[in-house]
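Enquirer: Residue numbers (this note's numbering), protein chains in the order written: chain A, 178 to 499; chain B, 5 to 344. Each residue gets a CB set at the ideal place from its N, CA and C atoms; glycine is no exception. I am attaching a structure below and will ask some questions about it afterwards.
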């Protein structure tokens, strides 16, 4: 074995060899790999790892006051959560409103994206008594969870399904198309007006999203910049420039179309009770028309106020369910 | 306002203002020009035009991005050539990759960009796989089975997801179209803004010949009425197929203008500076806040259909912005046909 002589130096200069040689594979195949030995000092260092293994952290469950209630984790304040008021985030409010419409009993818990298993709010932690255990349910699976009827222990939603009946194929087609108004036009204008309008960012977004997360002013600044950058990146995905006028006009058109769709009806698609589409519309209209929020740049609100039936739709739902 | 300032295609340049992007152009035409939708019979039809336009604008671009850019073989054989052929050196080498990167971010949320879209028909073209010529035979023996099996498993799931995306985008449109001539009207010449937008996106999905035709096959197979609408529309509006040769030599009914590129040195310097400026976050502010000055408009009505139809044609505008040359990309079509 003439290669043996050079082996120790080779191993010392090449740390990648360490794993292979220490496992002893080299011994069994002398013709292919040279027999390498790990220097004692390197081996001792690696033997010390891991220095200490900590126990896995438990999920933070202390926030929910009671475990026999479903808990929906949303962006909200402590006071609003106690009073059962609406969330200030459209994505969260959509599901909060929908669950209310469906008659589910639940409490809201103030939270943020970092607390969510999927990285996004809202998510629902079912009551302990249900058979599915206490695995969190992300918003994308909420509708199915409700349909599966796995809410024993808490008050069951009444009259499930009737609001979701989406009767005709024509309604189904319109449902998809008009939903894109919310997901595309209104969302884009909302992102712009909330995050990229400096005056609105200071009066609305900063106190709601930035200040509760930390008291350190440097960290606050960083979070603010991150939020604005994220909003900007999202808008730039769809167009090479962000044109405020185009965005506002787009949302105004979208409100016009939604108003036309609602017509004189109580709820969208002439349903007897509000469904997910109503919740989606309410999510934006409620935040824009909320009297407790002081929007500085009011273009989007004013556009919305032109459409009386959308304003009434919001008031109706607010009084009935919140 | 000149073409040099244009950052996004389609763009409409008038004497007084520049309108970039589909939304801005539609808005401008609606307020200052003929509103195609004013002829629609009812308010709900007008609302439908807005809603379905938004639907088209939300769902079809990601699919086109996957089909034209993310799918490697479609990109290398067809799309790259179509974009780069009218471009001068060195932009022909810098613009297509940056467009592809943009398309990847645009379709990121579908979660498909990491998957190899070309796996769909790789079983058929295994003998022509270029890698086979390079990799020694004895190495190929060991790895082939595992990789092929994995790909085949992925392929079924991938097709399923792509079909779902195509259905999500097309089913409401097909349902709205029904047996009518146009989406919102059955009368001859009853074009609405929705027809224009849908024709633009769908023609791009259906017309180009691609090595990976999953998008085309998906729409053709399941939505014959949309296919017929597009074929009819392309004939009515463009007078038949649009080819790359038309862009270079003129012809067809589109008002093409050929390019007059600036000297080579200017182009190279412009490209380098442009790439650097793009990379500096603050230097390239892309937010417009002030309402643009409203001007009277003349002389661009003829370019309505051609500009409307090109939502993906963002590249040439960047050229104009960067080069500072006399590029006039009026209706610079993305004619994929004959581009191979």
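Tell whether a beta-carbon distance below 9 Å holds between residue 435 of chain A and residue 495 of chain A.
Expert: As a first step, residue 435 of chain A must be located in the first chain, where it is residue number 258. As a first step, residue 495 of chain A must be located in the first chain, where it is residue number 318. Their beta carbons are not under 9 Å apart, which means residue 435 of chain A does not touch residue 495 of chain A by this criterion.
Enquirer: Go ahead and pull the three-state DSSP assignment for residue 277 of chain B.
Expert: Within the second chain, residue 277 of chain B is the residue found at index 273, counting from 1. Residue 277 of chain B: helix per DSSP, three-state reduction.
Enquirer: What is the DSSP secondary structure of residue 80 of chain B, reduced to helix, strand or coil?
Expert: Position 76 of the second chain, counted from the first residue, corresponds to residue 80 of chain B. Helix, per DSSP.
Enquirer: Where are the alpha helix (DSSP H) runs, 4 residues long or more, that stay fully inside the region 185-242 of chain B, in chain order?
Expert: 197-210, 218-226, 228-242
Enquirer: Between residue 68 of chain B and residue 256 of chain A, what straight-line distance do the alpha-carbon atoms span, to the nearest angstrom?
Expert: In the second chain, counting from the first residue as 1, residue 68 of chain B sits at position 64. In the first chain, counting from the first residue as 1, residue 256 of chain A sits at position 79. For residue 68 of chain B and residue 256 of chain A, the distance between alpha carbons rounds to 47 Å.
Enquirer: Taking 9 Å as the CB-CB limit, is residue 490 of chain A close to chain B?
Expert: Locating residue 490 of chain A in the first chain gives position 313, where the first residue counts as 1. By this cut-off, residue 490 of chain A is not an interface position.
Enquirer: Give me the Cα-Cα distance between residue 348 of chain A and residue 22 of chain B, rounded to the nearest whole angstrom.
Expert: Here residue 348 of chain A corresponds to residue number 171 of the first chain, with the count starting at 1. Here residue 22 of chain B corresponds to residue number 18 of the second chain, with the count starting at 1. Their backbone Cα atoms lie some 39 Å apart in a straight line.
Enquirer: Can you check DSSP and say which residues form a bridge with residue 314 of chain A?
Expert: Within the first chain, the letter at position 137 stands for residue 314 of chain A. Answer is A:301, bridged to residue 314 of chain A.
Enquirer: Let's see if you can read the secondary structure: which residues bound the alpha helix (DSSP H) around residue 366 of chain A?
Expert: Numbered from 1 along the first chain, position 189 holds the residue referred to as residue 366 of chain A. Looking at the DSSP string, the run of the alpha helix (DSSP H) that includes residue 366 of chain A is 364-368.
Enquirer: Are the beta-carbon atoms of residue 169 of chain B and residue 114 of chain B separated by less than 9 Å?
Expert: Locating residue 169 of chain B in the second chain gives position 165, where the first residue counts as 1. Locating residue 114 of chain B in the second chain gives position 110, where the first residue counts as 1. Contact flag set, yes.
Enquirer: Look at the Cβ atom of residue 431 of chain A, then the Cβ atom of residue 362 of chain A, and state whether they are nearer than 9 Å.
Expert: Locating residue 431 of chain A in the first chain gives position 254, where the first residue counts as 1. Locating residue 362 of chain A in the first chain gives position 185, where the first residue counts as 1. Yes, the Cβ-Cβ distance between residue 431 of chain A and residue 362 of chain A is below 9 Å.
Enquirer: Quick one: list the residues of chain A neighbouring residue 109 of chain B, beta-carbon separation under 7 Å, in chain order.
Expert: Sequence index remark: in the second chain, residue 109 of chain B carries index 105 (1-based). The contacting residues are 414.
Enquirer: Report the three-state DSSP secondary structure of residue 247 of chain A (helix, strand or coil).
Expert: Walking along the first chain from the start, residue 247 of chain A turns up at place 70. Look at residue 247 of chain A here: in three-state DSSP terms it is strand.
Enquirer: Just to confirm, is the Cβ distance from residue 11 of chain B to residue 417 of chain A under 9 Å?
Expert: What you label residue 11 of chain B is simply residue 7 of the second chain in a count that begins at 1. What you label residue 417 of chain A is simply residue 240 of the first chain in a count that begins at 1. Cβ distance < 9 Å, so residue 11 of chain B and residue 417 of chain A count as in contact.
Enquirer: Assign residue 314 of chain A to buried or exposed, taking buried as 16 or more other Cβ atoms, counted over all protein chains shown, within 10 Å of its Cβ.
Expert: Position 137 of the first chain, counting from 1, holds the residue named residue 314 of chain A. Sixteen is the threshold: when 16 or more other Cβ atoms of the shown chains lie within 10 Å of the Cβ of residue 314 of chain A, as they do, the residue is buried.
Enquirer: Using a Cβ cut-off of 9 Å (strictly closer), state whether residue 442 of chain A contacts chain B.
Expert: Reading the first chain from its first residue, position 265 is the one you call residue 442 of chain A. With 9 Å as the cut-off, residue 442 of chain A does not count as an interface residue toward chain B.
Enquirer: By a C-beta neighbour count over all protein chains shown, 10 Å radius and 16 as the cutoff for buried, is residue 233 of chain A buried or exposed?
Expert: The residue labelled residue 233 of chain A in the question sits at position 56 within the first chain. Classification for residue 233 of chain A: exposed.
Enquirer: Taking 9 Å as the threshold (C-beta atoms), are residue 433 of chain A and residue 484 of chain A in contact?
Expert: For the purposes of this step, residue 484 of chain A is taken as the residue at position 307 of the first chain. For the purposes of this step, residue 433 of chain A is taken as the residue at position 256 of the first chain. Going by C-beta atoms, residue 484 of chain A is nearer than 9 Å to residue 433 of chain A.
Enquirer: Tell me which residues share the same chain as residue 270 of chain A and place their Cβ nearer than 6 Å to its Cβ, disregarding the 5 neighbours each side in the sequence.
Expert: To locate residue 270 of chain A, count along the first chain from 1; it is residue 93. Hits under 6 Å: 263, 264, 460.
Enquirer: Find the residues of chain B that neighbour residue 174 of chain A, judging by a C-beta separation of less than 7 Å, and give them in chain order.
Expert: Chain A is shown only over 178 to 499; residue 174 of chain A falls outside these bounds and no answer can be derived.
Enquirer: Any C-beta of chain A within less than 7 Å: which residues of the region 159-180 of chain B qualify?
Expert: 176, 179, 180
Enquirer: Assign residue 273 of chain A to buried or exposed, taking buried as 16 or more other Cβ atoms, counted over all protein chains shown, within 10 Å of its Cβ.
Expert: On the first chain, position 96 is the one that residue 273 of chain A refers to. It is buried - the Cβ of residue 273 of chain A has at least 16 other Cβ atoms within 10 Å.
Enquirer: Measuring alpha carbon to alpha carbon, tell me which of B:81, B:39, B:46, B:41 ends up nearest residue 213 of chain B.
Expert: By 1-based counting over the second chain, the position of residue 213 of chain B is 209. Residue B:81 is the option with its Cα nearest to residue 213 of chain B.
Enquirer: Under a CB-based cut-off of 9 Å, is residue 50 of chain B close to chain A?
Expert: Here residue 50 of chain B corresponds to residue number 46 of the second chain, with the count starting at 1. Yes, contact with chain A.
Enquirer: Where does residue 399 of chain A fall in DSSP's three states?
Expert: Numbered from 1 along the first chain, position 222 holds the residue referred to as residue 399 of chain A. Helix.
Enquirer: Looking at the unbroken beta strand (DSSP E) that takes in residue 217 of chain A, where does it start and where does it end?
Expert: Translated into the one-based positions of the first chain, residue 217 of chain A becomes position 40. Per DSSP, residue 217 of chain A lies in no beta strand (DSSP E) segment; the continuous alpha helix (DSSP H) that holds it begins and ends at 217-224.
Enquirer: Taking any Cβ of chain A, which residues in the region 36-64 of chain B have a Cβ under 8 Å from it, in chain order?
Expert: 47, 48, 50, 51, 52, 54, 55, 56, 58, 59, 61, 62, 63
Enquirer: Would you say residue 430 of chain A lies against chain B (beta-carbon separation less than 9 Å)?
Expert: Translated into the one-based positions of the first chain, residue 430 of chain A becomes position 253. Yes, residue 430 of chain A lies at the interface with chain B (some Cβ there is under 9 Å from its Cβ).
Enquirer: For the structure I just gave you, are there three or more beta carbon pairs, one from the region 225-241 of chain B and one from the region 95-105 of chain B, closer than 8 Å?
Expert: no
Enquirer: Going along chain B in order, which residues have a C-beta closer than 8 Å to the C-beta of residue 477 of chain A?
Expert: For the purposes of this step, residue 477 of chain A is taken as residue 300 along the first chain, with counting starting at 1. The premise fails here: residue 477 of chain A is roughly 14 Å from chain B at the closest Cβ pair, so nothing lies under 8 Å.
Enquirer: Closest to residue 376 of chain A by CA distance: which of A:400, A:472, A:385 is it?
Expert: For this step, residue 376 of chain A is matched to residue 199 along the first chain. Comparing Cα positions, the closest option is A:472.
Enquirer: Checking the sheet assignment: what are the DSSP bridge partners for residue 283 of chain A?
Expert: The residue given as residue 283 of chain A occupies position 106 in the first chain. Under the DSSP definition of a beta bridge, residue 283 of chain A partners with A:247.
Enquirer: Determine the contact status of residue 30 of chain B and residue 57 of chain B, defining contact as a CB-CB distance below 9 Å.
Expert: Looking up residue 30 of chain B in the second chain gives position 26. Looking up residue 57 of chain B in the second chain gives position 53. Yes.
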